[in-house]
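**Student:**
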Amino acid sequence: MANRPTPFDAIAIDGPAASGKSTVAKVLAQTLGLTMVNSGEMYRAVTLSVLQHGANPSSADEVLGILRGLELSCTVEGGVSRILVSGEHPGEALRSETVNASVSGVAAIPEVRLQLVDLQRSLLKQSDLVMEGRDIGSVVFPETPYKIYIEASESVRSERRAAEGLTDSVSERDRLDRSRKTAPLVVPDGAVVIDSSQLTIDEVVEHSLSNLRELGWFTRNSQDVEG
Ligand code: CDP
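Note that my numbering has the sequence shown beginning at 20, numbered continuously upward.
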């Protein structure tokens with residue numbers, strides 16, 4: 020199509036912390052044979068680098084100073100896109116409690132978002148994607164018709180984090196993510212909203228697939244799955 024900058028399509032999955040969106044995105048990507056991108060990893064990688072350099076994550080000047088020196092890229096392993104810093108994946112440290120505590124502040128800095136959104140958009144030049152995050156349907160790929168917003172009650176989300184052995188304060192991160200000026204967490208225009216509080220992952224995936232079917236994903240891409 021003449022006006023399309025890329026022949027590939029993105030499925031955008033957004034929602035608050037511990038809503039189940041990463042797991043759903045992973046299963047959807049496997050089911051549909053697409054690359055899965057966890058955009059939160061990118062914000063976590065910048066935050067981790069800031070902390071490792073001893074810089075102050077609350078200072079936009081210091082964060083941007085570190086960001087300027089970072090060599091960020093992505094690689095795809097087993098259908099999952101991974102962030103690389105100077106050619107290396109930072110590993111488990113991305114999900115440490117110190118990163119949890121600072122990442123929403125770093126992600127609120129407009130220049131950080133500009134650079135990472137560019138990186139996220141560049142991935143659609145290579146393949147169809149399932150990308151999950153906070154602003155995928157609203158900012159990164161607003162033109163995609165395939166938008167899913169997954170939510171869950173705060174108590175369910177806190178229980179899910181605790182079951183993973185984490186004390187991450189999801190409510191504080193949500194508050195910051197929803198109230199920031201640039202690209203706040205919102206239900207994107209045209210997104211289907213799925214409340215996962217009382218649903219299993221399989222049920223959320225089923226809802227998502229039937230929504231994609233209604234939106235014509237399968238006829239557009241000449242494929243279908245059972246279900
Ligand atoms: O997996 P979890 O829900 O804990 O969070 P994540 O997806 O790893 O994202 C970590 C943080 O990065 C979020 O709390 C947001 O502050 C930020 N983020 C963002 O601002 N925009 C995105 N597209 C993805 C993540």
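Ideal Cβ positions, reconstructed from N, Cα and C, are used throughout, including at glycine.
Quick caveat, the model's predicted, so the values are computed rather than measured.
Go ahead and pull the three-state DSSP assignment for T25.
**Tutor:** Coil at T25, not helix or strand.
**Student:** Distance, Cα to Cα, L135 vs M150?
**Tutor:** Rounded to the nearest angstrom, the two C-alpha atoms are 13 Å apart.
**Student:** For E96, which beta-bridge partners are listed by DSSP?
**Tutor:** Beta-bridge pairing links E96 to V99.
**Student:** Going by alpha carbons, who is nearest to P161 out of P207, P76, S100?
**Tutor:** It is P207.
**Student:** Taking the alpha-carbon of S115 as reference, which of S38, V175, V95, L70 has the nearest alpha-carbon?
**Tutor:** Residue L70 is the option with its Cα nearest to S115.
**Student:** Under DSSP, the beta strand (DSSP E) around I220 begins and ends at which residues?
**Tutor:** Unbroken run through I220 is the alpha helix (DSSP H), 220-233; no beta strand (DSSP E).
**Student:** Span of the alpha helix (DSSP H) holding Y168?
**Tutor:** First-last for Y168: 166-170, but that is the beta strand (DSSP E), not the alpha helix (DSSP H).
**Student:** Looking at I102: is its Cβ nearer than 9 Å to the Cβ of I169?
**Tutor:** It is not a contact, given that the beta carbons lie outside the stated cut-off.
**Student:** Please give the ranges of any alpha helix (DSSP H) in the stretch 45-127, keeping only runs that are unbroken, at least 4 residues long and fully inside the region.
**Tutor:** Listed in chain order, they are 59-71, 79-87, 116-126.
**Student:** What's the call for I32, buried or exposed, on a 16-neighbour Cβ count within 10 Å?
**Tutor:** Under this definition I32 is a buried residue.
**Student:** For I30, is the classification buried or exposed, using 16 other Cβ atoms within 10 angstroms of its Cβ as the cut-off for buried?
**Tutor:** Buried is the call here.
**Student:** Compute the Euclidean distance between the alpha carbons of L133 and L86, then round it to the nearest angstrom.
**Tutor:** Spanning the two alpha carbons is a distance of roughly 12 Å.
**Student:** Could you pull out every residue in the same chain whose Cβ sits closer than 6 Å to the Cβ of L204, ignoring the five residues on either side in sequence?
**Tutor:** Contacts found: R153, D196, R197.
**Student:** Assign D28 to one of two classes, buried (16 or more other C-beta atoms within 10 Å of its C-beta) or exposed (fewer than that).
**Tutor:** Its Cβ being crowded by 16 or more others within 10 Å, D28 is buried.
**Student:** Does the separation of the CB atoms of I250 and V158 fall below 9 Å?
**Tutor:** This structure leaves residue 250 out entirely; the chain is present only between 20 and 246.
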